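Colleague: Quick one: the structure is below, questions incoming.
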Amino acid sequence: MAMKAAVAMVMAAAGAEAAGFYSSPVMQLRGGGDRRFLIAGNWKMNPETMDEAKALASSVVESAKSVKKGVDICICCPHPFLATCAQICKDSEVKIGAQDIFTEEKGAFTGGVSIKQVESIGCKYVLIGHSERRHGNIASESNAMINKKVKMTIDSGLVACLCIGETKAEFEAKKNKEVCAKQLAEGLAGVTKEQLANVVLAYEPVWAIGTGYTASPEIAQDVHNYVRQWLEQNYDKATAESVRILYGGSVTPDNVDQLMACPDIDGALVGGASLVGEKFARIMNFK
């Protein structure tokens, strides 16, 4: 399958509106009213300075004032900016997330950041298992290590945002669901259905992260539906209906409406577009 054909974006805004996903300032919730949308910005190793981070966080707080009810907002900042951004977002609709934690709570681990440290400065979310940490960009984390981080986050009362997704080669070999199933099984090992209340899943096909390619709504929905079926088979239907599954991978103002119209996509994990205030504002206020 040619890559361009595989990732062609199908525009379906009219169909999304007809489906009734946006007809008033109050966003219709999914899963019988249990699943709120979540739009999370992953700043990665950006911006370069504290002043830029403060300006961007302030912009998000201002834009969040117009976000529909039923939509949660989070920004995942680099560790040096977390405390300052947490203060900027305090008493607003914007929550703070860490981009990673270490697998130990304290000790002689130079450069490590613990779950207690990010909790103490007001973080609510922690990104875990992002592809840039799975596939050797800055780390080569195993599913066992990722599972330990998930359980540490849950035990601390924070929300673990577990990222899953296949590489380009795995996608072209039609192994995307197989890969996701393995990452789910091993990443959630030992996690009970009650603990899944503190877990958000994010499907991020590696071939779509920072490449400009985006999975079409059909491709994304197909995988999201599979993930929800996996949850039902391994937990139960009520649990599967309650877990939020985000899509990540070159989400932009141009494609967010079509992606969010899919019934099993409950939000977005946004990379590059979250660094531009106007773009992230449009994504937060998807239609």
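Position 160 (the sequence shown) corresponds to 174 in my numbering; numbering is contiguous.
A virtual CB, placed ideally from N, CA and C, is assigned to each residue, including glycine.
Nothing here was measured: the structure is a model prediction, and the numbers come from that model.
(1) Return the residue from the list Cys175, Gly224, Lys191, Thr228 that minimises the CA-CA distance to Gln209.
(2) Which value, in whole angstroms, describes the spacing of the CA atoms of Ile307 and Ala78?
(3) With the cut-off set at 8 Å, would you say Val140 and Thr181 are in Cβ contact?
(4) Please tell me whether Ser288 and Trp57 are closer than 8 Å, where the distance is taken between their beta carbons.
(5) Could you tell me which uninterrupted alpha helix (DSSP H) segments, each at least 4 residues in length, are contained entirely in the segment 68 to 108, listed from first to last along the chain?
(6) Starting from the Cα of Glu118, find the closest Cα among Glu107, Gly111, Lys130, Val108 and give me that residue.
(7) Which of the three DSSP states, helix, strand or coil, is assigned to Gly111?
(8) Let me confirm a value: Ile89 is counted as buried when at least 16 other C-beta atoms fall within 10 Å, else exposed. Which label applies?
(9) Does Met298 pass the burial test, meaning 16 or more other C-beta atoms within 10 Å, or should it be called exposed?
(10) Taking buried to mean at least 16 other C-beta atoms within 10 Å of its own C-beta, is Phe123 buried or exposed?
(11) Using DSSP with H/G/I as helix, E/B as strand and the rest coil, what is Tyr217?
(12) Give me the Cα-Cα distance between Ile142 and Gly150, rounded to the nearest whole angstrom.
(13) Near Cys194, which residues of its chain fall below 8 Å by C-beta distance, leaving aside the five closest residues on each side in sequence?
(14) What residue from Phe300, Glu66, Leu215, Thr266 has the CA that sits closest to His144's CA?
(15) Identify whether Leu43 lies in helix, strand or coil by the three-state DSSP scheme.
(16) Considering only residues of the same chain and omitting the five flanking positions on each side of Glu76, which have a CB-CB separation below 8 Å?
Modeller: Once the coordinates are examined:
(1) It is Cys175.
(2) This structure does not reach residue 307, given that the chain is present from 15 up to 301, and the question cannot be answered.
(3) no
(4) yes
(5) If you keep only unbroken alpha helix (DSSP H) runs of at least 4 residues inside the segment 68 to 108, you get 96 to 103.
(6) Lys130
(7) Three-state result, Gly111: strand.
(8) Answer is buried; the Cβ neighbour count reaches 16.
(9) The residue in question, Met298, is buried, as its Cβ has 16 or more Cβ neighbours within 10 Å.
(10) exposed
(11) If DSSP states are grouped into helix, strand and coil, Tyr217 belongs with the strands.
(12) 15 Å
(13) Contacts found: Ile178, Gly179, Glu180, Tyr217, Val237, Tyr240, Val241, Trp244.
(14) Leu215
(15) coil
(16) Excluding five sequence positions before and after Glu76, none of the CB atoms of its chain fall closer than 8 Å to its own CB.
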